[in-house]
Amino acid sequence: MFGRIIVGRRYIKIILLAVVLIPLLHQLIVLITRGKEHTGYNIPKLQDKVPTLQGVNDYFKNIGNSAQNATETPDDIVDAGEPVVIYPDVSDPEILADLPYLKADGSLNKYFFSKFVDHDDNKKARKVFQENNRLYADYIMEPIDEPKVDNLQRPSEDYKLANATLLSLVRNSELDGILSAMEQVEAKFNSKFHYPWTFMNDVSFSKEFKTKVKAATESEVHFITIPKKLWKKPIFIDKDLEQKNIDLMLANGVGYADMESYHNMCRFYSGTFYNIPHLQQFKYYWRVEPDTKYFCDIDYDVFKFMQDNNKSYGFNINLYDGPSSITKLWNTTMEFLEEHPKYLNPNGAFQWLLEDMQNPEKNQIAGYSTCHFWSNFEIADMDFFRGEAYSKWFEHLDNSGGFYYERWGDAPVHAIGLGLFEDKSRIHFFRDIGYHHMPFTNCPNSDRCDCEAGKFVPWFSVEKENCMANWVKYGMSEDEKNMF
Ligand SMILES: Nc1nc2c(ncn2[C@@H]2O[C@H](COP(=O)(O)OP(=O)(O)O)[C@@H](O)[C@H]2O)c(=O)[nH]1
Ligand SMILES: [Mg+2]
881 MFGRIIVGRR YIKIILLAVV LIPLLHQLIV LITRGKEHTG YNIPKLQDKV
931 PTLQGVNDYF KNIGNSAQNA TETPDDIVDA GEPVVIYPDV SDPEILADLP
981 YLKADGSLNK YFFSKFVDHD DNKKARKVFQ ENNRLYADYI MEPIDEPKVD
1031 NLQRPSEDYK LANATLLSLV RNSELDGILS AMEQVEAKFN SKFHYPWTFM
1081 NDVSFSKEFK TKVKAATESE VHFITIPKKL WKKPIFIDKD LEQKNIDLML
1131 ANGVGYADME SYHNMCRFYS GTFYNIPHLQ QFKYYWRVEP DTKYFCDIDY
1181 DVFKFMQDNN KSYGFNINLY DGPSSITKLW NTTMEFLEEH PKYLNPNGAF
1231 QWLLEDMQNP EKNQIAGYST CHFWSNFEIA DMDFFRGEAY SKWFEHLDNS
1281 GGFYYERWGD APVHAIGLGL FEDKSRIHFF RDIGYHHMPF TNCPNSDRCD
1331 CEAGKFVPWF SVEKENCMAN WVKYGMSEDE KNMF
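For the sequence shown, my numbering assigns the number 881 to the initial residue and increments by one for each residue that follows.
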């Protein structure tokens, strides 16, 4: 008995030692990985020490996910082929001479990105807004039908689908909202084609959620619990610095600044969702959010439209952002471009990104226009995001901590990535897809739609947030202008 007590004491000592030592060791590791004392949050050198995106990819390779390793396209899906991305050869002086955003030695011409190239100082913002507002109103009221291309694909027997899924990140508590959105997407589009649905959640879906969602479609339905590594706040985020910045953002009226799950969601949709093992089998997705509305009949295959017309990204609303949520996003991006100027696309939507006339104060605070594709609706090719330029840039953004030290939204992140690294002619305005997410609407003037044509928002005071005119002026290719 005495012996057992002695053994027990030894165990107690070991346990006490462990209780004291493990947290100390943990603190030490956190301190080492966090790098030197933060003076702001700009880019601690973390790449080798914390799980980065590359680390995440390796992690999934290591656990040997079958979808990740799938190479063959199933027979009932049309293979889109491997993505081909060619960066300009910036070692060739002749090519360099045609790239105004690079200097003669191939380095970044920062001046190009600090000034809107067509800026007209004499115009006042109010006047520009009135002009843009008229341009938008005229443009959106043009009667339209389907896209004017000769390769629209209609439903038929033995129809082969594109490699695509309808995709929704949603909480169990949003069941009614997602059922409502699903019902409309099914009625207007998917009941004609039967694309699979994929639902993602940071926790498991409830039985009720699964049962009701499955009953709302005849298509295949997949339910994904997001791997923690792709959802949770990275361990290197400094809690004190984060809190300090949250307080500042709240003082500046940044919505959701103190809601960690919202930051997780923005980071997830910015740069990790396309690494979900289950999604590796898909190329295209259509993002569907709860409580959104779809007003127009869509009788052609939107995914095949993307594939057959060389589009990588489709949107239907263009908006300015709250600049206080992203004051460091542009500078952090510039740091990346200084290191990797070769990723810039010679036909990027630079003017659209840098416009500073309708809402000059946005640009003054954020360093760029803040205009973005409103990403709660998007039909896009994940291979663009998975590509070298976007994924390396996302890794750089992520390592800066800005998804938590500020509230970088996935919409401005997608927009900057597309504006800098994608050929703008591959970006498509789905003018014909009538859509509403509180409080903004895209309502085309078309017999196919059941909404008030041209109505953007119920309150005039918010019209200034609409930057679609800038996309029409600076982003749209000629083909896109003639599309409807
Ligand atoms: N599962 C899950 N979904 C989330 C969470 N936060 C946001 N979402 C989803 O992410 C999308 C965007 O969020 P939402 O609240 O609509 O943001 P808002 O449109 O910017 O106001 C919606 O589809 C939400 O259902 C979360 O913590 N968990
Ligand atoms: Mg939403």
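Every residue, glycine too, gets a C-beta built ideally from N, C-alpha and C. Only a predicted model underlies this, so the values are computations on that prediction, with no experimental measurement involved.
Who does residue i pair with in a DSSP beta bridge?
i, result
"Gly1194", "Ile1259, His1308"
"Cys1329", "Cys1176"
"Phe1253", "Asn1198"
"His1102", "Thr1078"
"Asn1322", "Tyr1315"
"Asn1346", "Leu1199"
"Ile957", "Leu1041"
"Leu982", "Leu988"
"Pro1023", "Asn1325"
Anyone know if the C-beta pair for residue i and residue j falls short of 8 Å?
i, j, result
"Asn1325", "Met1021", "yes"
"Asp1312", "Glu1026", "yes"
"Lys1242", "Pro1292", "no"
"Val970", "Pro1221", "yes"
"Arg1328", "Asp1177", "yes"
"Ile1104", "Phe1148", "no"
"Asn1211", "Phe1253", "no"
"Asp1201", "Gly1133", "no"
"Thr1152", "His1317", "no"
"Val1101", "Asn1081", "no"
"Asn1227", "Arg1167", "no"
"Asn1070", "Thr1097", "yes"
"Phe1309", "Asn1196", "yes"
"Glu1343", "Asn1013", "yes"
"Glu1054", "Pro1170", "yes"
"Phe1183", "Gly1314", "no"
"Glu1140", "Lys1113", "yes"
"His1074", "Ser1099", "yes"
On the DSSP letters alone, give me the boundaries of the alpha helix (DSSP H) that residue i sits inside.
i, result
"Ser1141", "1140-1147"
"Trp1232", "1230-1234"
"Trp1111", "1108-1111"
"Trp1210", "1209-1219"
"Gly1299", "1290-1301"
"Glu1122", "1119-1131"
Rank the options by C-alpha distance to the C-alpha of residue i and give the top, closest one.
i, options, result
"Tyr1354", "Met1237, Pro1338, Arg1328", "Met1237"
"Tyr1164", "Lys1094, Leu1041, Asn1013", "Leu1041"
"Pro1359", "Ala977, Asn989, Val1029, Asn1013", "With the sequence shown as reference, residue 1359 is identified as Asp, and Pro is not the correct amino acid for it. The option with the nearest alpha carbon to Asp1359 is Val1029."
"Lys1208", "Gly1057, Tyr1174, Thr1172, Thr1250", "Thr1250"
"Phe1116", "Gly1314, Tyr1315, Gly1282, Ala1333", "Gly1282"
"Ser1357", "Gly1247, Lys1191, Trp1210", "Lys1191"
"Ala960", "Asp1118, Lys1092, Asp1188, Ser1141", "Asp1188"
"Asn1031", "Val1065, Phe1185, Val1093", "Phe1185"
"Leu1110", "Leu1130, Met1145, Cys1323", "Met1145"
"Glu1088", "Asn1052, Gly1334, Lys1072, Ile1058", "Asn1052"
"Leu1233", "Asp978, Ser994, Glu974", "Ser994"
"Ser1305", "Asp1179, Gly986, Ala1229", "Ala1229"
"Asp1127", "Asn1155, Leu1059, Ala1067, Ser1205", "Ser1205"
"Phe1364", "Pro1023, Gly1057, Pro1338", "Pro1023"
"Ser1271", "Tyr1154, Leu1047, Lys1004", "Tyr1154"
Given that a residue counts as buried once 16 or more other Cβ atoms are within 10 Å of its Cβ, and exposed if not, what is residue i?
i, result
"Gly1135", "exposed"
"Lys1235", "Looking at the sequence provided, one finds Glu at residue 1235 rather than Lys. Flag for Glu1235 reads buried."
"Lys990", "exposed"
"Ser1280", "buried"
"Thr1078", "buried"
"Arg1034", "exposed"
"Ile909", "Caution applies to Ile909, whose pLDDT of 49 falls short of 50 and renders its modelled position unreliable; the model cannot decide the point."
"Pro924", "Bear in mind that a pLDDT of 30 at Pro924, under 50, signals an unreliable position, so the number given afterwards is only what the model happens to contain. Pro924 is buried by the Cβ-count criterion."
"Asp1018", "exposed"
"Ala1246", "buried"
"Ser1084", "exposed"
"Trp1351", "buried"
"Asn942", "Only weak support is given to the placement of Asn942: the predicted model assigns it a pLDDT of 34, under 50, and the value that follows is read from those uncertain coordinates. When all chains shown are included, Asn942 counts as exposed."
"Val1093", "buried"
"Arg1287", "buried"
"Ser1150", "buried"
"Asp1278", "buried"
"Val887", "The predicted position of Val887 is uncertain, since its pLDDT is 48 and thus under 50; no value can be drawn from it."
"Glu1218", "exposed"
"Arg1006", "exposed"
"Asp1261", "buried"
"Trp1339", "exposed"
Give the range of the beta strand (DSSP E) segment to which residue i is assigned.
i, result
"His1316", "1315-1317"
"Ser1048", "1044-1049"
"Tyr1285", "Not the beta strand (DSSP E): Tyr1285 falls in the alpha helix (DSSP H), residues 1282-1285."
"Trp1166", "1164-1167"
Requested in this report: Output the residues surrounding ligand 3, defined as those with a CB atom closer than 5 Å to any ligand heavy atom, in chain order.
Outcome: In the structure shown, ligand 3 is absent; the only ligands present are ligand 1 and ligand 2.
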